[in-house]
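**Q**
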Amino acid sequence: MLDDPNVPQRQDRNFTLFSPESTRIVGATDGAFHPQAGGAAYGWMTEDGARGFGPLGGARSALAAEIGAVKRFLRVNKKYRSATIYMDSKRAIEAITDARNGLIRSFHPLDVISELNKVVDASRTVDLDLRWVRGHNNHPLNDAADRLARLARQTKNFRTSRSTSEKIADEIVAAAIGKKTT
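For the sequence shown, the tail end lands on 886 under this note's numbering, and the numbers increase by one without skipping.
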């Protein structure tokens, strides 16, 4: 039954989360960018504690990093028919919404246009609900996504081992889940 392509599934590290009722996913994404200190990176977390983080090689701006984070979230969670994503970038929400409606602004840099096209492709079969939340304002999922994105950028900059970064990421998720339940 786990191999049924019609049933939503998701790989999350060492196990598969499976539920026939799981057609909607809720999470937050964030991008981090610094031109001299680590470049661009992404972070995301779902309300059930799944997470992802890493570098974004082609992104050369904060906006491209924000959009790239959404792309990564959608690609990993592609089995879901519906997704609510909390973001702290109004510009990214506007750019993604416009792109999904067929309007990609010509004044966007090429890295942003490239990421927008990838988000549009990744979201074709998803009912996507992008919601703005104020950054750094104690929203557990958004704060965790922010911390994961910064961790990814700093991991590259400081050459932190993957195992150390994974431990830190696990602590970030545990803290976010603790905030959510209290």
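Backbone N, C-alpha and C fix where the C-beta goes; we use that ideal spot for every residue, glycine too. Computed from a prediction, not measured in an experiment: that's the story for all the values here.
Quick one: give me the first and last residue of the beta strand (DSSP E) that Ser786 is part of.
**A** Ser786 to Met791 is the extent of the beta strand (DSSP E) around Ser786.
**Q** What residue from Val816, Gly743, Asp802 and Arg835 has the CA that sits closest to Ala853's CA?
**A** For Ala853, the nearest C-alpha among the options comes from Gly743.
**Q** Could you check how far apart the C-beta atoms of Val823 and Leu778 are, in whole angstroms? I think they sit under 8 angstroms.
**A** Contact holds; Cβ gap of about 7 angstroms.
**Q** Tell me which same chain residues have a C-beta within less than 6 angstroms of the C-beta of Asp708, skipping the five on either side of it?
**A** Model confidence at Asp708 stands at a pLDDT of 41, short of 50, so the residue's coordinates are unreliable and nothing is read from them.
**Q** Closest to Ile771 by CA distance: which of Ser793, Thr859 and Thr864 is it?
**A** For Ile771, the nearest C-alpha among the options comes from Ser793.
**Q** Can you tell me which of Gly762, Gln740 and Ile881 puts its alpha carbon nearest to the alpha carbon of Asp815?
**A** Cα-wise, what sits closest to Asp815 is Gly762.
**Q** Have a look at Gln715 and Val780 and give me their C-alpha separation to the nearest angstrom.
**A** Unreliable positioning characterises Gln715 in this predicted model, as indicated by a pLDDT of 38, which lies under 50. The coordinate reading is nonetheless provided below. Their backbone Cα atoms lie some 8 angstroms apart in a straight line.
**Q** Kindly provide the ranges of any alpha helix (DSSP H) runs that are 4 or more residues long and lie completely inside the segment 750-835, ordered along the chain.
**A** Complete alpha helix (DSSP H) runs here, min 4: 766-780, 794-804 and 814-826.
**Q** What's the C-alpha gap between Thr859 and Thr829?
**A** Rounded to the nearest angstrom, the two C-alpha atoms are 33 angstroms apart.
**Q** Could you give the first and the last residue of the continuous alpha helix (DSSP H) run that contains Arg838?
**A** Looking at the DSSP string, Arg838 is not in any alpha helix (DSSP H), and its letter there is neither H nor E.
**Q** Using the Cα positions of Thr720 and Ser827, report the straight-line distance between them to the nearest angstrom.
**A** Any reading at Thr720 must be qualified, since the residue scores a pLDDT of 39, below 50, and its modelled position is unreliable; the value itself is stated next. C-alpha separation (whole angstroms): 22 angstroms.
**Q** For Leu832, which residues in the same chain have their Cβ closer than 6 angstroms to its Cβ, ignoring the five residues on either side in sequence?
**A** Around Leu832: Ala787.
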